[in-house]
Amino acid sequence: MTLLDFARGPALEWAAVIFVVGLFWRIGGLIFLARARPLSRNRRDDLWRGGWRMVWSRFVPNRVFRDRISLQFLAGWVWHVGFFVVLLMFEVHILFFEGLFGLSWPALPNTVILVAAAVTAGLLVMLLIRRATQPVLRAISGFDDYASVVVVLLPLLTGLASYAHLGLAYETMLALHLLSVALLLVWLPFSKLVHVITMLPSRYVMGVKFWRRGVEV
Amino acid sequence: MTHPPPSLSDRLRAHGISRRSFLRYCATTASLLALPPAMAPRIAQALEAQRRPSVIWLSFQECTGCTESILRSDAPSIESLIFESISLDYHHTLMAASGHAAEAAREAAMAENAGQYLVLVDGSIPLGNMGFSTTAGESNVETLRRVAAGAAAIVSIGTCAAYGGIPYANPNPTGAVPVSEIIRDKPIVNIPGCPPIPAVMTSVLAHFLAFGELPELDDLGRPVVFYGQNIHDRCYRRPFYERGEFAESFDDEGAKKGWCLYKLGCKGPTTYNACAVLKWNGGTSFPIEAGHPCLGCSEPNFWDAGSFYQPLSQATDLDSRTLALAVGAGVAGAVVAGVAGREAQKAHHEAAAKRAADRSKAEVSE
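Protein sequence lines, in the order shown, are assigned to chains X and Y.
Each residue of the first sequence is one higher than the last, beginning at 1 in the working numbering.
Each residue of the second sequence is one higher than the last, beginning at 1001 in the working numbering.
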């Protein structure tokens, strides 16, 4: 079995199984978590409105911090969008999903994907360096923070290299790309990357709590 | 008075091939082998002096496609004459003799040219039951060991001899192995392909005849000069890949326009061979040009590397059924662990509340 056969076969299969089981494990854990009942009376009605507002209001920076965090905020937005564009709109990736679910959709031109991937990878590297060099950021960063960025960065770098035929032979690069995707799948449910699933629900819950106490969100 | 056997040069002249054509062939061979032009005269000189070196062709678990490939080269090409000009002393399919006479011819060739003859092998060797494939009552593995012992070098022709090929594919019922798993003390060159390109076979032989050694090989024992680049890199359909223009089926507009066959499972990006450059049938075409995706037939285990028609970017083992099972397992695990965790959480809270109550009761009594 070649490295590529291993990557396309057992590696992706087991990584996907761990990803799905791990994800449901985490979600189940959060759902079943016992929570303290609020002891005070609600300050406002329509709690869902508070949750819903917070889901959307956090997509733009808070006015108070806008000047200080705009670079980080913008970079974060761009690389997240770039990542999903590359993941979901690249012809070859759509083929992967089609093989799995039988569904396909129109792709973006390869040139657009190439630019999106390069910009995304560049921003991730920049943010990683910033995290490692800024004293405050460094003080609040742990292993999970650094590892999560690296684990997201690897599929982008190996994907770019295999597309552009850089470095190792194509089939080796493709195998490394698939293995890096497998690593991402295994790492995601058990790291901070799980925010992919929990971010919007937790914003909603936070919004409901704030709204109940009469805090504007 | 005995005359020395005619040299290749004499034989070519007898076939009406001019010296100019012969030199052009030598220049082409030098070019195919990526040798500097100055080497062409050396190839010519060496080939002219050759006195029909003895070649023994052993056929084991094979389909005769490799022999067909050589025979169907655009005869009477100079390549085929070169092939005629070696002394092919043993070949099941091509030799006139049969039975004991054929085996006697092989034994005689081995005795007369001990240490100097070339062994060409097509087909894999079964190690399961020795009766799976025999010649004159002798198992393939015994024949190979005995014949290889006196050989100067071995050329594994075709993917079966080089890497096991189709007989080696899962579940490998005959216990088939490639030549390199049996013979380890002789120089071996692999010329994989199902079948290999005729010009590649003859050029490797020409290199051996001219320089007395095998060409530079890659880590899979293949001549780098022919197997150094993948088919995708040299494919004339590559621009369509870059533009994202793919044939979706074998009869759609994309297929008619000659767009890239990646979506139809083309293995060109991971297959190293000279098909896109040398082509077949005298440089007429190759599978992708004929509208079919590359199967990757010159790569090890090509038969077991997923469907021929599954794109390279798709997982081979993962499917929606596996994912559904994983979802089920994940949900079940989460429910069991969640309920147990909740009970533990409740018990912890109750214990804490009881401790607090006991403490306050103790304070009151004091």
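We treat Cβ as the ideally placed atom computed from N, Cα and C, and that holds for glycine.
Everything numeric in this text was worked out from a predicted model, so none of it was measured.
{"Item": "Between the Cα of V150 of chain X and those of X:T111, X:L166 and X:L193, spot the shortest distance and give me the residue it belongs to.", "Value": "X:L193"}
{"Item": "Taking any Cβ of chain Y, which residues in the region 131-148 of chain X have a Cβ under 9 Å from it, in chain order?", "Value": "none"}
{"Item": "State the DSSP-derived secondary structure class of S1198 of chain Y, mapped to helix, strand or coil.", "Value": "The residue you asked about is not Ser; residue 1198 of chain Y is Pro in the sequence shown. Helix at P1198 of chain Y."}
{"Item": "By the DSSP assignment, the alpha helix (DSSP H) with D5 of chain X in it spans what residues?", "Value": "L3 to F6"}
{"Item": "Out of Y:G1265, Y:V1179 and Y:T1159, which one is the CA nearest neighbour of L95 of chain X?", "Value": "Y:G1265"}
{"Item": "Which partner residues does P1223 of chain Y have in the DSSP bridge list?", "Value": "Y:L1217"}
{"Item": "Which ranges would you report for the alpha helix (DSSP H) in the region 1094-1180 of chain Y if only whole runs of at least 4 residues count?", "Value": "1099-1112, 1140-1149, 1158-1163 and 1165-1168"}
{"Item": "Give the range of the beta strand (DSSP E) segment to which W1057 of chain Y is assigned.", "Value": "S1054 to S1059"}
{"Item": "Report the residues of the region 196-207 of chain X with a CB closer than 9 Å to any CB of chain Y, ordered along the chain.", "Value": "none"}
{"Item": "Beta-carbon separation of T120 of chain X and G167 of chain X under 8 Å?", "Value": "no"}
{"Item": "For chain X, find out if any of its Cβ atoms is closer than 8 Å to the Cβ of S1285 of chain Y; answer yes or no.", "Value": "no"}
{"Item": "Can you name the start and end residues of the alpha helix (DSSP H) that V78 of chain X belongs to?", "Value": "R66 to M89"}
{"Item": "Can I1125 of chain Y and V1179 of chain Y be called in contact, C-beta distance under 8 Å?", "Value": "yes"}
{"Item": "M1001 of chain Y to N1230 of chain Y, Cα distance in whole Å?", "Value": "With a pLDDT of 43 at M1001 of chain Y, under the threshold of 50, the predicted position of this residue should be treated as unreliable, and no value is reported."}
{"Item": "Beta-carbon of E216 of chain X versus every beta-carbon of chain Y: anything under 8 Å?", "Value": "no"}
{"Item": "From V205 of chain X to G51 of chain X, what distance separates their C-alpha atoms?", "Value": "6 Å"}
{"Item": "What residues in the region 1220-1247 of chain Y have a beta carbon less than 8 Å from any beta carbon of chain X?", "Value": "N1230, H1232, D1233, E1242, R1243, G1244 and F1246"}
{"Item": "Give the interface partners of V1339 of chain Y over in chain X, defined as CB-CB distance under 8 Å, in chain order.", "Value": "F32"}
{"Item": "List, in order along the chain, the chain X residues whose C-beta lies closer than 7 Å to that of A1329 of chain Y?", "Value": "V21"}
{"Item": "At 8 Å on the CB atoms, spell out the chain Y contacts of P106 of chain X, in chain order.", "Value": "Near P106 of chain X there are no residues of chain Y at all, since even the closest Cβ is about 10 Å away, more than 8 Å."}
{"Item": "So, is the C-beta of L100 of chain X closer than 8 Å to a C-beta in chain Y?", "Value": "yes"}
{"Item": "Closest Cβ-Cβ distance between K1354 of chain Y and chain X: below 8 Å?", "Value": "no"}
{"Item": "By the criterion of Cβ-Cβ separation under 8 Å, what are the contact partners of N1273 of chain Y in chain X?", "Value": "None at all; the shortest Cβ gap to chain X is about 13 Å."}
{"Item": "Do you know how far the Cα of C1235 of chain Y is from the Cα of M1130 of chain Y?", "Value": "43 Å"}
{"Item": "Could you give the residue range of the beta strand (DSSP E) that holds L1088 of chain Y?", "Value": "S1087 to Y1090"}
{"Item": "Is the Cβ of P155 of chain X closer than 8 Å to any Cβ of chain Y?", "Value": "no"}
{"Item": "Within its chain, find whatever has a CB closer than 7 Å to the CB of G1258 of chain Y; leave out the 5 residues flanking it on each side and keep chain order.", "Value": "R1237"}
{"Item": "Going by CA-CA distance only, name the one from X:L157, X:E13, X:S191 and X:G22 that's closest to G1333 of chain Y.", "Value": "X:G22"}
{"Item": "Is the region 23-34 of chain X close to the region 1337-1346 of chain Y, with three or more CB pairs under 8 Å?", "Value": "yes"}
{"Item": "Quick check: the Cα distance between D67 of chain X and W79 of chain X, rounded to an integer number of angstroms?", "Value": "20 Å"}
{"Item": "On the DSSP letters alone, give me the boundaries of the alpha helix (DSSP H) that N110 of chain X sits inside.", "Value": "N110 to T133"}
{"Item": "Report, in whole angstroms, the separation of the C-beta atoms of A1044 of chain Y and C1026 of chain Y, which I expect to be a contact under 8 Å.", "Value": "4 Å"}
{"Item": "Is the shortest distance between the beta-carbon of K1257 of chain Y and the beta-carbons of chain X less than 8 Å?", "Value": "no"}
{"Item": "Kindly list, in the order they appear in chain X, the residues whose Cβ is closer than 7 Å to that of Q1061 of chain Y.", "Value": "Neighbours of Q1061 of chain Y on chain X: none; closest Cβ ~22 Å, over 7 Å."}
{"Item": "Going along chain X in order, which residues have a C-beta closer than 8 Å to the C-beta of N1301 of chain Y?", "Value": "M1, T2 and D5"}
{"Item": "What are the uninterrupted segments assigned as alpha helix (DSSP H) that are 4 or more residues long and contained completely in the region 145-185 of chain X, given in chain order?", "Value": "none"}
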